[in-house]
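Okay, so here's the structure we're looking at.
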């Protein structure tokens, strides 16, 4: 069985915020029988027990929403209890949590820290920018609440990164956004494009164009490349360097097959992708089907193969190695006609044209450092061994491996 991870929606699309651009809030329509959606203990246990019984090198759970912290501390205690109960001795189990940060308590943060959850917090920039779209049910900006939640994560020693959605609120302010995040000490950053369409397929008012996306990424890159390449981790940039050094893809957008993970909704329904939780793509339910059945489904196979059914222009594009036709959600008609060019095509070309030479220089530095570390180990009569995430980096920088060369591994 090919390794796969789970993206779990324990509270479905329920959320305490009403972000204007949220693509998942509408998924409440899939489950109209109840207003409040929560994963039950039987569904939770079945999902964890059966997943941990599969043959995997590592088991990865991503908890997302909606807002997963609506489930409360007791739910996440049950999660870790069940993982310990059903995980075999020596198994590696990882947990990620994507949250708006507003409902985090000290007790929940302490639990996340104890069990080494990696937390992603949504933050779009300083308060005036963030509060444009990320508002509460009663219309209040959420920035102050997010920052309080981040403070709780810091006090409990929880590892976290920042996810910034690039929308009309911030697309023309890349340097301001980058500097703001760095000034706050948020050195692990991820930027996600807002490319939402209405029912007619036209861009929503808060969506960005390809050219705007490209200019934004170039602005971030120009700030980062000056002196921050070893200080600030930007997921896209790290992924490009890893692609150059190891020829591996660690983000699904760069891959040529969309079968990377499975989504599990609050009631156990299984779908192929976060962006394609749709009735026509439902693969089954964890209480009545098996992971082997879901992964072997012709529906899942056909969904995965859409990625590489790209436009003929993509086949001759010099950036195909990195773009792979872009995520199907960014192609008009949301991948149903996979041969359509991504809405962001012009922006990706702008970005790669501007940056690949600099990325290649950085990749060559990483290659030399790794070769030097291997030679030094050989001279000491020791084989070059795998470095732990918290070990000193073998390049000699004095930093932990996970914050230096390990970012690209």
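Numbering (the numbering used here), first residue to last: 792 to 1200.
Ideal Cβ positions, reconstructed from N, Cα and C, are used throughout, including at glycine.
Worksheet item: Taking DSSP as the reference, what is the three-state secondary structure of residue 1103?
Response: The count along the chain shown starts at 1 and reaches residue 1103 at position 312. Residue state, collapsed to three classes: helix.
Discussion item. Please identify the residue among 870, 1081, 945 and 1109 whose C-alpha is closest to the C-alpha of residue 1136.
Written reply: The count along the chain shown starts at 1 and reaches residue 1136 at position 345. Among 870, 1081, 945 and 1109, the Cα nearest to that of residue 1136 is on 1109.
Item to complete: Grab me the residues of residue 804's own chain with a C-beta within less than 6 Å of its C-beta, minus the 5 sequence neighbours each way, in chain order.
Response: Along the chain shown, one-based indexing puts residue 804 at 13. 815, 816, 818, 819 and 857, listed in sequence order.
Worksheet entry | DSSP-derived helix/strand/coil call for residue 887 | As a first step, residue 887 is located in the chain shown; it is residue number 96 there, counting from the start. Note: residue 887 maps to strand in three-state DSSP.
Worksheet entry | Coarse secondary structure for residue 1128, derived from DSSP in three states | Residue mapping note: residue 1128 aligns to position 337 of the chain shown, counting from 1. Residue state, collapsed to three classes: coil.
Worksheet item: Can you name the residues that DSSP bridges to residue 779?
Response: Residue 779 lies beyond the residue range present for the chain, which begins at 792 and ends at 1200; the question has no answer from this structure.
Discussion item. For the beta strand (DSSP E) containing residue 979, name the first residue and the last one.
Written reply: For this step, residue 979 is matched to residue 188 along the chain shown. Here the beta strand (DSSP E) through residue 979 covers 979-984.
Discussion item. If distances are taken between C-alpha atoms only, which option among 1007, 1080, 975 and 1095 comes closest to residue 956?
Written reply: In the chain shown, counting from the first residue as 1, residue 956 sits at position 165. Among 1007, 1080, 975 and 1095, the Cα nearest to that of residue 956 belongs to 1007.
Fill in: Residues of its chain near residue 918, where Cβ-Cβ distance is below 6 Å and the 5 sequence neighbours each way are ignored
For the purposes of this step, residue 918 is taken as residue 127 along the chain shown, with counting starting at 1. Closer than 6 Å at the Cβ level, and outside the excluded window around residue 918, lie 934.
Worksheet item: With 16 as the cutoff for other CB atoms within 10 Å, does residue 893 come out buried or exposed?
Response: Here the question's residue 893 lines up with position 102 in the chain shown. It is buried - the Cβ of residue 893 has at least 16 other Cβ atoms within 10 Å.
Item to complete: Tell me, to the nearest whole angstrom, how far the beta carbon of residue 808 is from that of residue 1055; I am working on the premise that it is less than 8 Å.
Response: Numbered from its first residue, the chain shown carries residue 808 at position 17. Numbered from its first residue, the chain shown carries residue 1055 at position 264. Actually they do not touch by this definition, with Cβ atoms about 22 Å apart.
Worksheet item: In whole angstroms, what separates the C-alpha of residue 1161 from that of residue 976?
Response: The residue given as residue 1161 occupies position 370 in the chain shown. The residue given as residue 976 occupies position 185 in the chain shown. Rounded to the nearest angstrom, the two C-alpha atoms are 28 Å apart.
Worksheet item: With contact counted as at least three CB pairs below 8 Å, one residue from each stretch, are the region 928-947 and the region 879-889 in contact?
Response: no
Worksheet item: Would DSSP call residue 1091 helix, strand or coil?
Response: Locating residue 1091 in the chain shown gives position 300, where the first residue counts as 1. Helix.
Worksheet entry | Assigned secondary structure, residue 1038 (DSSP; H/G/I helix, E/B strand, else coil) | Counting from one through the chain shown, the residue named residue 1038 turns up at place 247. Coil.
Practice prompt. For residue 941, count neighbouring C-beta atoms within 10 Å of its own C-beta (all shown protein chains included) and say buried if the count is 16 or more, exposed if not.
Written response: Your numbering for residue 941 matches position 150 in the chain shown. Its Cβ being crowded by 16 or more others within 10 Å, residue 941 is buried.
Worksheet item: For residue 792, does the count of other Cβ atoms within 10 angstroms reach 16, so buried, or fall short, so exposed?
Response: Counted from its first residue, the chain shown places residue 792 at position 1. It is exposed - the Cβ of residue 792 has fewer than 16 other Cβ atoms within 10 Å.
Practice prompt. For residue 822, name the three-state secondary structure that DSSP assigns.
Written response: Locating residue 822 in the chain shown gives position 31, where the first residue counts as 1. Reduced to three states, the DSSP call for residue 822 is coil.
Fill in: Cβ pair residue 1032, residue 1113 closer than 7 Å
Locating residue 1032 in the chain shown gives position 241, counting from the first residue. Locating residue 1113 in the chain shown gives position 322, counting from the first residue. In this structure, residue 1113 does not lie closer than 7 Å to residue 1032 by Cβ.
Worksheet entry | Length of the line joining the Cα atoms of residue 801 and residue 1062 | Locating residue 801 in the chain shown gives position 10, counting from the first residue. Locating residue 1062 in the chain shown gives position 271, counting from the first residue. Whole-angstrom Cα-Cα distance: 14 Å.
Fill in: Endpoints, the alpha helix (DSSP H) within which residue 920 is located
One-based indexing of the chain shown puts residue 920 at position 129. Residue 920 -> alpha helix (DSSP H) spans 918-924.
Discussion item. Below 6 Å, is the gap between the Cβ of residue 834 and the nearest heavy atom of the ligand FMN?
Written reply: Although the ligand FMN was asked about, the structure shown includes no ligands whatsoever.
Discussion item. Going by DSSP, what residue range makes up the beta strand (DSSP E) through residue 1060?
Written reply: The residue given as residue 1060 occupies position 269 in the chain shown. Segment 1060-1062, the beta strand (DSSP E) holding residue 1060.
Worksheet item: Mapping DSSP to helix, strand and coil, what is residue 1121?
Response: As a position in the chain shown, residue 1121 is number 330, starting the count at 1. Helix.
Worksheet item: How long is the line joining the alpha carbons of residue 1003 and residue 1048, rounded to whole angstroms?
Response: Counting from 1 along the chain shown, the entry for residue 1003 is found at position 212. Counting from 1 along the chain shown, the entry for residue 1048 is found at position 257. If you take the alpha carbons of residue 1003 and residue 1048, they lie about 27 Å apart.
Worksheet item: For the region 943-961 against the region 1089-1098, are there 3 or more C-beta pairs whose distance is under 8 Å?
Response: no
Worksheet item: Does DSSP put residue 878 in a helix, a strand or coil?
Response: To locate residue 878, count along the chain shown from 1; it is residue 87. It is coil, neither helix nor strand.
Worksheet item: Under three-state DSSP, which class holds residue 1070?
Response: Along the chain shown, one-based indexing puts residue 1070 at 279. The answer is helix: DSSP assigns residue 1070 an H, G or I state.
Worksheet item: Between 1034, 1148, 962 and 810, which lies nearest to residue 924 when the distance is taken from Cα to Cα?
Response: Position 133 of the chain shown, counted from the first residue, corresponds to residue 924. Among 1034, 1148, 962 and 810, the Cα nearest to that of residue 924 is on 810.
Item to complete: Would you give the residue range spanned by the beta strand (DSSP E) that residue 1133 belongs to?
Response: Within the chain shown, residue 1133 is the residue found at index 342, counting from 1. Note, residue 1133: premise wrong, no beta strand (DSSP E); not H, not E.
Worksheet item: When the Cα atoms are used, what is the spatial distance from residue 974 to residue 845?
Response: Taking the chain shown and counting its residues from 1, one reaches residue 974 at position 183. Taking the chain shown and counting its residues from 1, one reaches residue 845 at position 54. Cα to Cα, residue 974 sits roughly 43 Å from residue 845.
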